[in-house]
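Q:
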Ligand code: NAD
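Residue numbers (full-length UniProt numbering): 1 to 500.
(1) Ends of the beta strand (DSSP E) at residue 487?
(2) Between which two residues does the alpha helix (DSSP H) containing residue 296 stretch?
(3) Out of 341, 168, 377 and 299, state which residue places its alpha-carbon closest to the alpha-carbon of residue 405.
(4) Inspect the CB distances between the region 323-337 and the region 379-392 and report whether three or more fall short of 8 Å.
(5) What ranges does the beta strand (DSSP E) occupy inside the region 368-397, keeping only unbroken runs of at least 3 residues that lie completely in it?
(6) Is it buried or exposed for residue 497, if we count other Cβ within 10 angstroms and need 16 for buried?
(7) Report the residue from 282, 344 and 258 whose alpha carbon sits nearest the alpha carbon of residue 415.
(8) Quick one: is the Cβ of residue 252 within less than 6 Å of any heavy atom of the ligand NAD?
(9) Using a Cβ-based criterion (distance less than 6 Å to any ligand heavy atom), does residue 291 qualify as near the ligand NAD?
(10) Look at the alpha carbon of residue 437 and the alpha carbon of residue 261, and state the distance between them as a whole number of angstroms.
(11) Check whether the Cβ of residue 229 sits closer than 6 Å to any heavy atom of the ligand NAD, and report yes or no.
(12) To the nearest angstrom, report how far apart residue 86 and residue 481 are at their CA atoms.
(13) Work out the CA separation of residue 376 and residue 362 for me, nearest whole Å.
(14) Do residue 173 and residue 202 come within 7 Å of each other at the CB atom, strictly closer than that value?
(15) Assuming residue 359 contacts residue 380 under a Cβ cut-off of 8 Å, what Cβ separation, rounded to an integer in Å, is found between them?
(16) Could you have a look at residue 407 and say whether DSSP puts it in helix, strand or coil?
(17) Provide the residue(s) that pair with residue 460 in DSSP beta bridges, ordered along the chain.
(18) Would you mind listing the alpha helix (DSSP H) stretches within the region 57-115 that are 4+ residues and don't spill past its ends, in chain order?
(19) Any idea what DSSP makes of residue 453, helix, strand or coil?
(20) Measuring alpha carbon to alpha carbon, tell me which of 461, 402 and 182 ends up nearest residue 90.
(21) With distances taken Cα to Cα, identify the nearest neighbour of residue 156 among 289, 140 and 355.
(22) Do residue 215 and the ligand NAD come close, with the Cβ less than 6 Å from some heavy atom?
(23) Any heavy atom of the ligand NAD closer than 6 Å to the CB of residue 153?
(24) Going by Cα to Cα distance, which pick from 160, 190, 187 and 336 is closest to residue 252?
(25) Within the chosen definition, does the region 235-253 reach the region 62-72 through at least 3 CB pairs nearer than 8 Å?
(26) Use the C-beta contact count for residue 34: other C-beta atoms within 10 angstroms, 16 or more gives buried, fewer gives exposed.
(27) Grab the span of the alpha helix (DSSP H) containing residue 156 for me, first residue to last.
(28) Report the residue ranges of all alpha helix (DSSP H) runs contained in full by the region 216-269; include only those spanning at least 4 residues, in chain order.
(29) Using 8 Å as the cut-off, can you tell me whether the region 43-56 makes contact with the region 136-152, which would need three or more C-beta pairs spanning the two stretches below that distance?
(30) Return the CA-CA distance between residue 337 and residue 397, expressed in angstroms with no decimal places.
(31) Cβ of residue 187 within 6 Å of any heavy atom in the ligand NAD?
(32) Tell me which same chain residues have a C-beta within less than 7 Å of the C-beta of residue 311, skipping the five on either side of it?
(33) For a test of your reading of the model: does the CB of residue 211 fall under 6 Å from any non-hydrogen atom of the ligand NAD? Yes or no.
(34) Kindly examine the ligand NAD and report whether one of its heavy atoms sits closer than 6 Å to the Cβ of residue 179.
(35) Where DSSP assigns a beta bridge to residue 29, which residues make up the other side?
(36) Taking 6 Å as the cut-off, is the CB of residue 164 close to at least one heavy atom of the ligand NAD?
Written out as structure tokens, the structure is:
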């Protein structure tokens, strides 16, 4: 297999039908890591045909659940076997640090194991009381069919696995289209699926652009389920096309996530340092290119000056560089396009009256190695308010906006004042208040005195425009299944509704 044979259809690795390729860049120095196949609509069609045939022949859906679960566990073991190699691929492709890459591999290993356990622990149906001893009534689950899976560039391996593991556990076949910006770890994962023994045609991948490949998958009449993770604009467009064909859809979209800090979080023993440290982590891990990034610090007025001073001091010290280098804490942004977008958001915030407390520019070439990477300094913007673009829109970069409140109601109103609703946090030394506020936050995940942890057994997804549906947890498996009610009359006899 040559490096650019990254399309996998019916068990065969091959180039794009057109022969086109695309360069995948290392964002740390803008050099080419690898050329991959630039698939087109005809490649998408071939992949859907393979997935359709594999599904209709029942080669995977008919495999006993115990064998499906065993295969998922083998994939988990292979992920751990190749942990360093995959972490390195992910770090070079996305720019994230090697350690973040390792954490991603461990997390997806857990996701494969979780879905293996979950399908195994099910009873095989829910008996429902039909109100008669002469009726046996049971609700069972079946796979949906052919799934089209579309993933973004920031957590390629993770987002692919959150879809692939439950899709396979439920007995579906799939075609995945990873982001054209960071496709390499998903190609690797599909190789591991084949090595684990998945039959040909069950797992297919087409590397290529959103348009035409993703769009073709959204439109394709032989796709039964369309699951998309990415931005609001492309997600709603693709989702609308999928709905027009009456497909089941799942959309995991963006976020503009509040991190609410009460003054009483800073008065407990170690509370101030913890809250500052967590706010830093919330906003700047993976250079803020995280759907759940705590990009809005909403802090009680009385502690704001001290808090922002310490936060900015620490933000200035974050060590930027190539993610594979020892001691580097933040890698580059993923692309020139992302860098331009972040620069524009900072410029607009400053024009709207925000005060720069740290960052606000690319690092000086003499301060950063390699100097050609897409680096941007962690940026803290004080004096922000809800009308500002930087507060309302997802910047997807290392930008933290600071807003203040004086009452609990005001804090909640600010935190909920977003069209998104993916995640948020509340820091408080008063647990009754923390729980009260958490209950009022209209976000799919709420952390109390913490930021970012998630569990494979707990649902992930958003309120509002953060999406439709949930990944992970029992609902994450249900996304990939149809429910079927089987009603069996044990004493059939005429109903005599009609007299003739
Ligand atoms: P994006 O929307 O630009 O692209 C996402 C994927 O959609 C890519 O594979 C792209 O090729 C494809 N695509 C684009 N247009 C399409 C179309 N018309 N039809 C079908 N597919 C199409 O997003 P991105 O820039 O890659 O990722 C960043 C976004 O992802 C952010 O908004 C972030 O919040 C979101 N995200 C959300 C979650 C979550 O769990 N909710 C997780 C990670 C990222």
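All C-beta atoms in this analysis are idealised placements derived from N, C-alpha and C, irrespective of residue type, glycine included.
A: So, from the data block:
(1) DSSP places residue 487 inside the beta strand (DSSP E), whose first and last residues are 481-489.
(2) Premise fails: residue 296 lies in the beta strand (DSSP E), 296-300, not in any alpha helix (DSSP H).
(3) Nearest of 341, 168, 377 and 299 to residue 405, Cα basis: 299.
(4) The region 323-337 vs the region 379-392: no contact.
(5) Fully enclosed beta strand (DSSP E) runs of 3 or longer: 379-382.
(6) Under a 10 Å Cβ-count criterion, residue 497 is classified as exposed, with fewer than 16 other Cβ atoms of the shown protein chains found around its own Cβ.
(7) Comparing alpha-carbon positions, the option among 282, 344 and 258 lying closest to residue 415 turns out to be 258.
(8) Indeed, a heavy atom of the ligand NAD lies less than 6 Å from the Cβ.
(9) Yes, the Cβ of residue 291 comes within 6 Å of a heavy atom of the ligand NAD.
(10) Between residue 437 and residue 261, the C-alpha separation is close to 11 Å.
(11) Shortest gap from the CB of residue 229 to any heavy atom of the ligand NAD: under 6 Å.
(12) In a straight line, the C-alpha of residue 86 is about 30 Å away from that of residue 481.
(13) One C-alpha to the other measures close to 4 Å.
(14) Their beta carbons are under 7 Å apart, which means residue 202 touches residue 173 by this criterion.
(15) Indeed they touch by this definition, with Cβ atoms about 7 Å apart.
(16) Here DSSP, grouped into helix, strand and coil, assigns residue 407 to coil.
(17) When DSSP reads this structure, residue 460 sits in a beta bridge with 471.
(18) Here the runs fully enclosed are 65-81 and 83-94.
(19) DSSP, read as helix, strand or coil, puts residue 453 in coil.
(20) The residue among 461, 402 and 182 with its C-alpha nearest the C-alpha of residue 90 is 182.
(21) Checked all of 289, 140 and 355; the closest Cα to residue 156 is 289.
(22) With a cutoff of 6 Å, residue 215 counts as near the ligand NAD, since its C-beta is closer than that to a heavy atom of the ligand.
(23) Inclusion of residue 153 in the 6 Å shell around the ligand NAD follows from its C-beta lying nearer than that to a non-hydrogen atom of the ligand.
(24) For residue 252, the nearest C-alpha among the options comes from 160.
(25) Three or more Cβ pairs closer than 8 Å define a contact, and the region 235-253 falls short of that threshold against the region 62-72.
(26) Residue 34 comes out buried.
(27) For residue 156, the enclosing alpha helix (DSSP H) covers residues 156-169.
(28) With a minimum length of 4 residues, the continuous alpha helix (DSSP H) runs that stay inside the region 216-269 are 232-244.
(29) Between the region 43-56 and the region 136-152 there are three or more inter-stretch CB-CB distances shorter than 8 Å, so the stretches are counted as touching.
(30) In this structure, the straight-line span from the alpha carbon of residue 337 to that of residue 397 is close to 11 Å.
(31) No.
(32) Closer than 7 Å at the Cβ level, and outside the excluded window around residue 311, lie 276, 279, 280 and 380.
(33) Distance from the C-beta of residue 211 to the nearest heavy atom of the ligand NAD is below 6 Å.
(34) Answer for residue 179: yes, Cβ within range of the ligand NAD.
(35) Partner residues in a beta bridge of residue 29, as assigned by DSSP, do not exist.
(36) Incorrect: residue 164 has no Cβ contact closer than 6 Å to the ligand NAD.
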